[in-house]
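For reference, the structure discussed in these notes is given below.
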C-alpha cells in the first residue's frame, strides 16, 4: 500500500538503479579474504515499538516493497505500525504516508561511512553510520543498521573496552580487542545469531553504540590493525573475550557446550588479583575480588524466576563439581522434603547474578541481633552480634534470650524485620573466563607486550591474517 502526498525528489530516482546493484551485497556470504570490509547487519534495540529518526538531505527513504523513494524532505519523523503497515508521521504528527515496507534509509553519497543519521529511541546510541532497514515484526517495528565492518567496530570497541586505557600504556590491549571483535563479527556473519541480522547491539552479542560513542583511541586501534583477524586452519575463530579471568583462563566446554582447539585453561599471572609477578604498575580489576550475599529465603524465588522448579524451603547448598581452573561446574541445592535442584555451569551465575563462576560459597552462620529505632521519624536499625545469647528484660519483667534469627528489639513505629540467614558467594574475576581477558591484556600492554603476543597467549595456535 502506498499513499504519496507530494512529488518525488529527483535525487531519489537514480537511487533505484544504485539499490539494484548494491542490495545483493548486503545478503552475500562472508569470505576469509576480500578486497573491502564486508557489510554487517546489526539489530538496534529500541525503547518503544516505533522508530523515531532524523536525517539530512544526504539521505533518502525507500519503500523496498514497491522499489519507490518516499517524497520526504530532511527532518525528523516517527514511523509506527498500523494495521500491518508502516505509517510515517512528521514532527507535528501528520500522516505523511502509509507503506507496506520494509523501508530503507540510504545515504546518497559515494562515501556512506562518512554520513550519519539519528535514531532517537535507540537504547544504546543516537547517531549511526551507514543505512537503516525498518520492518514490521508483529505489532512492532524493528530497525537494522547496515554498514561496513570497520565502521561498525568504531561503535563496538568503546562499549566493550575502556578507551582511556590507551592513555595509560594500554594501546596494545585496545588493538588486541580490535582484532578479537573483528574476528568475532566475521565468525557470526555466517552463523547469524538472529533471523534477520547477524548480531544485535546488546551484551549477549556485542555491545554497539553507533557513531555516538566513537573515540580517538579505539579508532586508532582499528586503523593500526585494519582487516586483521584470528584464524585457525584458515577459518575465522569464535573469538570470545571478557573483562577479567581472575587469574585463570577457561575452556568453552566448562562454561557452555562444545570445545575448540584454540582455547586452553592456564594460569594468567597478569590478571591474578594476587599479582604473583610483583608488577609495580599492576592494575587490579574492580571485580578481581568480589562478594555477594544472597538471603536464603530468596533462593526459591530466584530459581523460579530463571525457569527452575523451587525446591521449597532451602536447607542445603553445596558446590558439587569444579573445573581444573576452579570454576563451579555444578551447584547442588536441596530443599525441605528432599526436593533438589542442580545448576550446571553458567546456570548458577545467571540465577544468582554472579560476576563469574570462579567462586566459593558459605552460609552466614553467625547470629545477628538487631536493634531498631525510629528517632525523629527516621527508621533505622543496627546489628549487635555481641549481644547474642544475652537476656533482655521487658517492662513486664518478662525475660527473653536474644537470638538473632528470631528476635529483634524494636522502637515505636518501626516495622518488624528479622534478618534471614544468607548464602555468601566470594569469587574472582568478571565474565566467563574464555579467550581474551581485557584486564589481563591491559597489564600485558603496560609491561610492553605487543598485541600479537597478547593474542597468542589467549588464543593459542591461531594465526593473524589480513582479511582486506
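Numbering (the working numbering), first residue to last: 730 to 1197.
Glycine is no exception: its CB is placed at the ideal position from the N, C-alpha and C atoms.
Remember, it's a predicted structure, so these values are computed and weren't measured experimentally.
In summary, residue 1195 is exposed, with fewer than 16 beta-carbon neighbours lying within 10 Å of its beta-carbon over all protein chains present.
Under the three-state reduction of DSSP output, residue 840 falls in the coil class, being neither helix nor strand.
Counted as a single uninterrupted DSSP element, the beta strand (DSSP E) harbouring residue 826 occupies residues 824–828. Here residue 851 is bridged, per DSSP, to 775. Between residue 873 and residue 1020, the C-beta gap is not smaller than 8 Å, which leaves the two residues out of contact.
Distance check between residue 1017 and each of 1023, 1182, 1010 and 1004 places 1004 closest, using alpha-carbon atoms only. Ranked by Cα distance from residue 802, the options 812, 817, 795 and 1025 are led by 817. Looking only at 950, 875, 1175 and 907, the smallest Cα-Cα distance to residue 928 is reached by 875. Residue 907 places its beta carbon less than 8 Å from that of residue 954. Looking at the backbone, the Cα of residue 1165 and that of residue 968 are separated by about 8 Å. Residue 1001 sits buried, since 16 or more C-beta atoms from the chains shown fall within 10 Å of its C-beta. Taking residue 986 as reference, the option from 881, 767 and 1163 with the minimal CA-CA separation is 1163. CA-to-CA, the gap between residue 1088 and residue 1153 works out to about 10 Å. Taking a contact to require three or more Cβ pairs closer than 8 Å, the segment 907–923 and the segment 791–798 do not qualify as touching.
For residue 1181, the uninterrupted alpha helix (DSSP H) run begins and ends at 1180–1187, by DSSP.
Burial check for residue 1052: the Cβ neighbour count within 10 Å reaches 16 or more, so the residue is buried. Under the DSSP assignment, residue 1174 falls outside any beta strand (DSSP E), being part of the alpha helix (DSSP H) whose first and last residues are 1167–1175. Along the length of the segment 857–881, whole beta strand (DSSP E) runs at least 3 residues long occupy 860–866 and 869–877, reported in chain order. Looking from the CA of residue 1071, the closest CA among 1091, 765, 1055 and 1038 belongs to 1038. In this structure, the straight-line span from the alpha carbon of residue 1192 to that of residue 917 is close to 18 Å. Boundaries of the alpha helix (DSSP H) around residue 946: 945–952. Contact between the segment 780–791 and the segment 927–942 is not established, with fewer than three Cβ pairs separated by less than 8 Å. With 16 or more neighbouring CB atoms inside 10 Å of its own CB, residue 806 falls in the buried class. Between the alpha carbons of residue 1036 and residue 931 lies a gap of roughly 22 Å.
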